[in-house]
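Asker: This structure is in structure tokens; I'll ask about it shortly.
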Amino acid sequence: MSFSVVQFICVIVAIGFASTYVIRTSFVLEERIVFGAFLGTVQVSLLGFFIAWLTMVNWQMILITEVVLIVAYLPLLVRRGSVLKADLENFSIRIRARWKDPSSPRITLFLLLTSSIVSARILQISFEKSSSGGVTVSHLSVFGDWSAHLAYASSFAYGDNFPPELPTAAGESFSYHFGVDWFAAMFVPLGTDVFTAMQISTFFLAAFFPPMLYLGCRRFTSNTRSALIAVTVFLLSGGTGALYRFLFVDLPAEGFGVLGNLPRSYAFDGFDRNWVDNAVTGFLYPQRPTLIGFSAVILVIVFLWENRSVKNSGTYIFAGVFTGLLPFFHVFAFGTIVLLSLIWAAMSRRQYWIRFFCPALAIGIPIVIWQWPDRDGKSWHFLWMLGKSSWENNPWDFVWFWFLNTGLFIPLAIWGIARSNKVVRNHAIPLFSLLVIPNIAIWHFWPGNNAKYVIFFLLLASPFVGEAIDKLLSRGRMRTFAAIGLICSLTLTGGLDIWRALDQTTDPYPVEYLSGADLSVGEWVRENTNSDAIFASANTNTHPVRVIAGRSVISGAPGRLNDLGKDWYGRDQDLRKIYEMAPDFETTLMKYETDYVIFGPLERQHYGFDNPKSRWAETDAMPNGAKLIYDLGGYLIYDVREIR
Amino acid sequence: MKRPFTFPQKVNEYGFPLAKLITFKRIVLVFLLLGIVSRLVLLGDRPFHHDESLDAWFSLRFLEGNFGGYDPVYHGPLRFYVTAALFWLFGESDLTARLLAAISGVLIIYVPWFWRKQIGSVGTVATIGLIVLSPSMLYFSRFGREDMFFLLVTSIFVILLFAFLEYPKGWHPSALLSFFVVGLAIKESVLLSIFLFGVFLLLLLIQENLIISSKRNQSHQGVEEQEFKIRRWTLFSGLTSMIAVLFWVGDSGGNGTLWKLALYGGLLLALATGSAVLAVSKNEVFPSNRIFRALRTPTRVQWLLTPLVPAFLFIGFFSQFFTSFSGPNVTSAPHGALRNGLTAGFTYWASQQKEGSRGDSRWQYYLTLLSAYEWFVLFFALFGIWQVFRQPNLFGQITLWWAGGNIILYSWASERMPWLIIHPLFPTIILSGLGVQFLWRRARGRKYRDALIMAFSICAIFSTTQSFVTNYSQGGDPQELFVQAGQATPEVKAWSGQLYRSDLAHFAESGDHLIVLIDSDVYWPYGWYLRDFPTSTYAIIEEQNIPDMARAPDVVIVPYWDTERINLSMEEYEIFPYNHRWWWVPEFDGGASNFNQFPQVLSRWGNWLWNREPWADLGTRSSKCPASLTGNVFVKRTVIEESREYGLWANPQETELPTYDNGCNGSSFLR
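Just so you know, the protein sequences line up as chains A and B, in that order. Under our numbering, the residues of the first sequence are numbered 2 to 645, in order. Under our numbering, the residues of the second sequence are numbered 11 to 681, in order.
Laid out in structure tokens, this is it:
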């Protein structure tokens, strides 16, 4: 990690830290730092995005962004200097307090350290050098979802993707919350490659998430222990899959040595029985927008909660503006906040909510409209997965589905909410709407995406589960045993999956993701073609043209295009026309304004060519004007601009 | 909490606008931040030294489960474990291989904080500042050997020793023993430390007994003066006796060394017993001195438990955390893991004393290096020594003993390497902190203090500039006296990178990896740099094992003396002469043969100090200029062509090398 990267991260935290002084809510120093990490990320990303749009993605753009925000916040810090000084003095007193002292910042710092270690390990093995000089990956999250995220980040870093278009479907609007990928791209001009940029940006946000969750939970729990339990049960969530698959199958078969090479994921079984994955390996790691989304939801709820008695207008407006910006980073987080706050507003029927909703909706809705998919993907159903995959539509499977996917989390949450005070209870009951929605509707093309609502329920209900378990722990021997059993049952599955993610040699990983030849061709394309060039390439999971060069392609992986409501089938057929040289292939090239056609190992494998050179280029295309501009390492690139 | 220092108030006396913001803690915090940045920035850039690459490689072996166990030739295993943990966490890189040294270098900045009451506020700030800015401390905080880690552990040991003698607690003996074990698991130099502090404790016992004996029938003032006198003489006679004994021991080596040192210890023990008898006879009761008081503090249970933690640590460290109790089965470590841990280091060290000098052979080596790089520290340390002798107390005595004893011991011990300089330097920096505090107290008028601050600032700026040059802009260049013979040139790093790039092109084109052969004489640090290179095509050329060249390897790397042995079809290859390692070992007196040449010697040193210009010794033009071990890289022409096609050829010969004026221009390296 270079010095410029470290200073960039420090500036982000400093800017976010300073911005917590905009509102009058009193936070302690460590809260300002932890909250600041996310507030700073949002602000730096957004301002940087617009500056990059006006100029280009380079280090000067980063510098301008930093300077503008520092200059903007410096007067505020000077003006609130006395508060800052008091915060520092308060911190220096509290840091000496014992661990058990509720005001001690030690648990927050401990969580930050622990999450930094776990995140550092998981992410440092995410990409490694392969023997061919290429790149290997060590986890499904990177092999799968990160392929798309890499393409998005590269399109900004190397492809000058302004105004943003979907790089995996040339010419389509960017109907995806790409904020966190843009944030990763901002590290590239600071001297990192795109792989390192993804690792660093993820590490930064992931390391700060557990302390953020803890600080949020502290508001709704009676002591630090329950808040810690809440953090643990959420981060190690994943249902009860391991109770059988690990304790009764894998462990007896292989003994404790199985821990050195866990044979499978216990929270995820390829969307058969398990649909709610572990929060870390199923959401924070692969689904990068949640890195900001989870924290943002906690942050806004903390702002609103702390403001419930003082009702300061500035805080509502600040929280509203922050919420309004969220669709850029995580549209589900935006939806969750708006849904919950609408219910809370309806319950209280107070005018001050307008100060929150006006900016939130005024900023947020245009962004949502911009991202709205072209195709209508919504449908209605009853009881989510029942009747789908291997689940039967009967009451037993209903109970079993939720037990397998969430354990006793939901009953514990109900108990925890029921025994909390009236104000908390009234605010917590609307959380169950996040369980109702996935059981009645699919709003996002694929039923698996409904887990994104459930995970928000797990996130926001975790303090109540922590509180419930904590009460059991402090009520005598048998109940203590029960509480320990509950903690184990709620955390074993996720714990094992995270343990597995720490191991880089768990079968089938590491696998080669890009070969040395892939890297070479990607770098050549990056250096030798226009940043807005459009390529015809195989619509496989990954491709160097997308990942290394950041160029737009006719089609990325069909599954991901389907997720975004794009016409993946039409594009797939068009690619086949091009590669098979159907009679009107020139028209198809023209349709997407294709500049280059690439033939490499992936194309050969995908379209079944033995010798693409003789079949495609030499017969027809080259005599018609296609130029062979690259012929190395099994890759051929044709410049087809003259054909179209 | 009350601030026990007067520093902020004194700075505030100057009344400059931001004076109120300057407090003791904030200055320390700024230095700490500066220390973190200075130790971590560009940490992986300097090419690896031979020893650094070995350390990193052994750490990697441990991580992969292939570590054979403790072998004193490569020193203790603990830093392999810690570095392996850093590799596990942050990945294997040049930076992480040096991270343990850097972290130790940062933590050691904090050590004077524990002695702030003894050093004084101004002295503590000066000490911390000097540690942060010192060229040597910075250089070896960025050098992937175990020395900075060992120094940190030694410092903690001294913190505990001082605390045990001054404010004894029941857990102190266990902690002291534990840190001894930790030290043992890092480096055999712990034997020197044990000798040093063992002798100190015996001298302290004698001193305390003499003080008790002399207390009778004297006024308070008389007692104090008498105490100071005894302390001064104990310290002085201790240091001089150590010099005399080490002269006597010489390089006898093996059992001879051990017997003579044991005799010295026995003599001191006898003197301690005699002094105790004297004290009893004068006071008619058993003397209650500092050491006995400390030893009486732990309860019986605590004494019983004292060896448990150290024993657990010892077994854990030397058995690779209870996983392997067999040793590596080599000549230097022939026994089981635990017996090797107990005896192999000791035996190896003793045998090395007889083998003759390794590294620089001159006894004045460390004194010269200290004068060249740490003149600023030495200057203030003189005042610190004066202060210790003027008003000797336990802290001053320990510090002076630690600094002086280390200079004597390391100048006597047969291995003289640049990285060992930090062991005498660190306590010397603390002495200089005492010196600064002394001067600050003596300079009572504002004018004197202004002058002191001014002088300190000018020296600090110059020293910092030197530190910057030594560590960043020219770090690793041979004109630096820290650059010892094992330091690889930037060309080695460039060739390693080129091999990876050429292999990428070759594999993409043919599906096969390059066949690379490296002569064992120039194997390091390639062994580390090429750790990810496909090993099946990667062999070592040794005298007894000249590989069959009929396989026509793609790349062959040999030192110049083995070039003739390589029987290749030369028309297929392009030959690239290159510099493998480099060094500079000048005559410290510039090669002067008479006193008349003194101005020329002075001018050479001045020139080196000012702009790091090496010199050719007087009368022997360029014979002692920076020089290099040269070799040749044979690369198949087809490989070069392939790499060029892929745009992956960057001729490592084009790496920038230092150039010199005067007598050393152009004659030192291959270009």
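Glycine included, C-beta positions come from ideal geometry on N, C-alpha and C. A quick note: this is a predicted structure, and the numbers were derived from the prediction, not measured.
Note down, in chain order, all residues in the segment 513-539 of chain B with a beta-carbon under 8 angstroms from any beta-carbon belonging to chain A.
Answerer: Cβ contacts with chain A come from D513, L514, A515, F517, A518, E519, H523.
Asker: Classify F41(B) as buried or exposed, calling it buried when 16 or more other Cβ atoms lie within 10 Å of its own Cβ.
Answerer: Buried is the call here.
Asker: How is the beta strand (DSSP E) around G641(B) delimited, first residue to last?
Answerer: Looking at the DSSP string, the run of the beta strand (DSSP E) that includes G641(B) is 637-646.
Asker: Distance, Cα to Cα, D508(A) vs L260(A)?
Answerer: The alpha-carbon atoms of D508(A) and L260(A) are separated by roughly 13 angstroms.
Asker: Within the 9 angstroms Cβ cut-off, does E129(A) reach chain B?
Answerer: Judged by the 9 angstroms Cβ criterion, E129(A) is in contact with chain B.
Asker: What residues from chain A crowd round V51(B), counting only those whose CB sits closer than 7 angstroms?
Answerer: In chain order: F4.
Asker: Give, in chain order, every unbroken run of the alpha helix (DSSP H) that is at least 4 residues long and sits entirely within the segment 500-545 of chain B.
Answerer: The segment 500-545 of chain B contains these whole alpha helix (DSSP H) runs: 500-520, 536-539.
Asker: Going by DSSP in three states, W593(B) sits in which element: helix, strand or coil?
Answerer: DSSP places W593(B) in strand when its eight states are reduced to three.
Asker: For a quick check, are the C-beta atoms of S176(A) and K567(A) less than 9 angstroms apart?
Answerer: In contact: S176(A) and K567(A) (Cβ atoms closer than 9 angstroms).
Asker: Going by the beta-carbon positions, is the gap between A152(A) and T137(A) smaller than 9 angstroms?
Answerer: Not in contact: A152(A) and T137(A) (Cβ atoms no closer than 9 angstroms).
Asker: What three-state label does DSSP hand I549(A) in the structure shown?
Answerer: I549(A) falls in the coil class under three-state DSSP.
Asker: For chain B, is any of its Cβ atoms less than 9 angstroms away from the one on V136(A)?
Answerer: Not an interface residue.
Asker: So does E307(A) have its beta carbon nearer than 8 angstroms to some heavy atom of the ligand HEM?
Answerer: Ligands in the displayed structure: none, and consequently the ligand HEM is not present.
Asker: Hey, could you find the ends of the beta strand (DSSP E) L214(A) is sitting in?
Answerer: Here L214(A) belongs to no beta strand (DSSP E); instead the alpha helix (DSSP H) covers 195-219.
Asker: Going by CA-CA distance only, name the one from L637(A), I638(A), L633(A), D640(A) that's closest to Y656(B).
Answerer: For Y656(B), the nearest C-alpha among the options comes from L633(A).
Asker: Taking the straight line between their C-alpha atoms, what separation do you get for A423(B) and F58(B)?
Answerer: Between A423(B) and F58(B), the C-alpha separation is close to 26 angstroms.
Asker: Under 9 angstroms, do S156(A) and R547(A) count as touching if we go by C-beta distance?
Answerer: Yes.
Asker: Note down the Cα distance separating I431(B) from L377(B), rounded to an integer number of angstroms.
Answerer: Each residue's Cα considered, the two are about 9 angstroms apart.
Asker: Note down, in chain order, every chain A residue with its Cβ under 7 angstroms from the Cβ of D542(B).
Answerer: The contacting residues are K130.
Asker: Just to confirm the assignment, what range does the alpha helix (DSSP H) spanning K127(B) have?
Answerer: Its alpha helix (DSSP H) spans residues 126-129.
Asker: By the 7 angstroms beta-carbon criterion, what residues does the segment 91-125 of chain A contribute toward chain B?
Answerer: Answer set for the segment 91-125 of chain A: I118, A121, R122, Q125.
Asker: Tell me which residue opens and which closes the beta strand (DSSP E) that K628(A) is part of.
Answerer: 628-633 is the span of the beta strand (DSSP E), which, as asked, contains K628(A).
Asker: So is R372(B) in contact with chain A if we call contact Cβ pairs under 9 angstroms?
Answerer: It does not: the Cβ of R372(B) has no partner Cβ on chain A nearer than 9 angstroms.
Asker: Between the segment 88-104 of chain A and the segment 2-21 of chain A, are three or more C-beta pairs nearer than 8 angstroms?
Answerer: These segments do not touch.
Asker: Measuring only the C-alpha atoms, how far is I468(B) from W100(A)?
Answerer: Between I468(B) and W100(A), the C-alpha separation is close to 46 angstroms.
Asker: Which stretch, first to last residue, makes up the alpha helix (DSSP H) that contains E31(A)?
Answerer: Looking at the DSSP string, the run of the alpha helix (DSSP H) that includes E31(A) is 30-55.
Asker: Who are the neighbours of G256(A) on chain B, taking C-beta pairs under 9 angstroms?
Answerer: Chain B residues near G256(A): none, gap ~17 angstroms exceeds 9 angstroms.
Asker: Fully enclosed by the segment 333-373 of chain B, which alpha helix (DSSP H) runs are 4 residues long or longer?
Answerer: List check, alpha helix (DSSP H) in window: 355-365.
Asker: Quick check on the DSSP output: what are the complete alpha helix (DSSP H) runs of length 4 or more inside the segment 505-532 of chain A, in order along the chain?
Answerer: Whole alpha helix (DSSP H) segments, 4+ residues: 517-529.
Asker: Identify which residue in G346(B), G208(B), E176(B) has its Cα closest to the Cα of F190(B).
Answerer: The option with the nearest alpha carbon to F190(B) is G208(B).
Asker: By DSSP, does L637(A) sit in helix, in strand, or in coil?
Answerer: Note: L637(A) maps to strand in three-state DSSP.
Asker: Skipping 5 residues on each side, what residues in its chain have a beta carbon closer than 6 angstroms to that of N440(A)?
Answerer: Cβ neighbours of N440(A) beyond the five flanking positions: L384, W385.
Asker: At a CB-CB cut-off below 9 angstroms, which residues of chain A make contact with F466(B)?
Answerer: In chain order: nothing, as chain A lies at least about 29 angstroms away.
Asker: Buried or exposed for W571(B), going by 16 or more other Cβ atoms inside 10 Å?
Answerer: Label assigned to W571(B): exposed.
Asker: Return helix, strand or coil for I644(A), following the three-state DSSP convention.
Answerer: The answer is coil: DSSP assigns I644(A) none of H, G, I, E or B.
Asker: Here's a check: name, in chain order, each residue in its chain whose Cβ is nearer than 6 angstroms to the Cβ of V135(B), leaving out the five neighbours to either side.
Answerer: I37, listed in sequence order.
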